[in-house]
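Taking it in order: structure first as structure tokens, then the write-up.
Residue numbers (the working numbering): 38 to 109.
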């Protein structure tokens, strides 16, 4: 298995979360969303998490909680 550089891990995880939120219609202000998702994912990576899907899913959940996006 090839190790993914951490910058690529963060970038890909943010992209997954962003695309999901965009498709679901939950994405708000682009600059605010970008900063929020990047910060959350970088924080998890600093704590040792390396799973792209786990990073993106947790960032999506945190975004929805932070910005009051509720499931229908």
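Just so you know, even glycine gets a beta-carbon here, dropped at the ideal spot from N, CA and C.
- For residue 69, the enclosing alpha helix (DSSP H) has its first and last residue at 67-83.
- CA-to-CA, the gap between residue 106 and residue 44 works out to about 28 Å.
- If you look at residue 89, you'll find it in the alpha helix (DSSP H) that goes 89-103.
- Closest in alpha carbon position to residue 71, among 83, 50, 85, is 50.
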